[in-house]
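**Student:**
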Amino acid sequence: MSVERAAVVGDEALEVWIDQDLCTGDGICAQYAPEVFELDIDGLAYVKGADDELLSAQGATTPVPLPLLTDVVDSAKECPGECIHVRRVSDKVEVFGPDAE
Ligand code: SF4
Numbered sequence: 004m005s006v007e008r009a010a011v012v013g014d015e016a017l018e019v020w021i022d023q024d025l026c027t028g029d030g031i032c033a034q035y036a037p038e039v040f041e042l043d044i045d046g047l048a049y050v051k052g053a054d055d056e057l058l059s060a061q062g063a064t065t066p067v068p069l070p071l072l073t074d075v076v077d078s079a080k081e082c083p084g085e086c087i088h089v090r091r092v093s094d095k096v097e098v099f100g101p102d103a104e
C-alpha cells in the first residue's frame, strides 16, 4: 500500500487502528472493508498492512487507502465496540471514531 494512495483529509494522510480491548468480535468492520480489517483466531479484529498481512499487535496502525475511506469511516461509525480509530498520520489527531471532536 503506497503512501500516495493513502486517504487524505485536508491534505493529511490518515491511518486506522483498533482497540482490541473493546472489540466485540462481531465482524462488521471485516464485512465493510475486508481489505483493511480481519478477524484473527482470537476472535478479535485487527488491521492489515501491506501485502495483506494481518497486524496482530494490539493497536497496530495501517494507512487508510483512499478508495476505502468511506468503508473505513462507515466501519468506525457502525462499530458496536466503538473501538475503530481513524487519525491523521502527522499529529495523531483522531478525525473519525469515538475520540474524534
Ligand atoms: S466492528 Fe468493531 S467491535 Fe466489531 S469486530 Fe470490528 S472492531 Fe470489533
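Going by this note's numbering, the sequence shown opens with residue 4, and the numbers climb by one from there. Ideal Cβ positions, reconstructed from N, Cα and C, are used throughout, including at glycine.
1) Can you list, in chain order, the residues of its chain whose CB lies under 7 Å from that of Asp77, leaving out five sequence neighbours each side?
2) So who's on the other strand from Tyr49, going by DSSP bridges?
3) DSSP three-state label for Pro66, please.
4) Near Glu97, what residues of its chain come up, given a Cβ to Cβ distance below 6 Å and the 5 sequence neighbours on each side ignored?
5) Using a Cβ-Cβ cutoff of less than 6 Å, which residues in the same chain neighbour Glu81 once the five nearest sequence positions on both sides are dropped?
6) Quick check on the DSSP output: the alpha helix (DSSP H) that includes Val75 runs from which residue to which?
7) Are there 16 or more other CB atoms within 10 angstroms of the CB of Thr65, so buried, or fewer, so exposed?
8) Please report how far the alpha carbon of Val67 lies from the alpha carbon of Glu18, in whole angstroms.
9) Flag Gly28 as yes when its Cβ comes closer than 7 Å to any non-hydrogen atom of the ligand SF4, and as no otherwise.
10) Under the three-state reduction of DSSP, which class applies to Met4: helix, strand or coil?
**Tutor:** This is what the structure gives:
1) As a first step, residue 77 is located in the sequence shown; it is residue number 74 there, counting from the start. Excluding positions up to five away in sequence, the list reads Tyr35.
2) Along the sequence shown, one-based indexing puts residue 49 at 46. DSSP, once it has assigned bridges, lists Glu41 as partnering Tyr49.
3) The residue given as residue 66 occupies position 63 in the sequence shown. Note: Pro66 maps to strand in three-state DSSP.
4) Mapped onto the sequence shown, residue 97 falls at position 94. The answer, listed in chain order, is His88, Arg90, Ala103.
5) By 1-based counting over the sequence shown, the position of residue 81 is 78. These residues qualify, in order along the chain: Ile31.
6) Taking the sequence shown and counting its residues from 1, one reaches residue 75 at position 72. For Val75, the uninterrupted alpha helix (DSSP H) run begins and ends at 72-81, by DSSP.
7) Along the sequence shown, read from residue 1 onward, the residue named residue 65 stands at position 62. Thr65 should be labelled buried.
8) Within the sequence shown, the letter at position 64 stands for residue 67. Within the sequence shown, the letter at position 15 stands for residue 18. Roughly 5 Å between the two C-alpha positions.
9) For the purposes of this step, residue 28 is identified with residue 25 of the sequence shown, where counting begins at 1. Distances from the CB of Gly28 to the heavy atoms of the ligand SF4 include at least one below 7 Å.
10) Here residue 4 corresponds to residue number 1 of the sequence shown, with the count starting at 1. Caution applies to Met4, whose pLDDT of 46 falls short of 50 and renders its modelled position unreliable; the value that the coordinates give is listed next. The answer is coil: DSSP assigns Met4 none of H, G, I, E or B.
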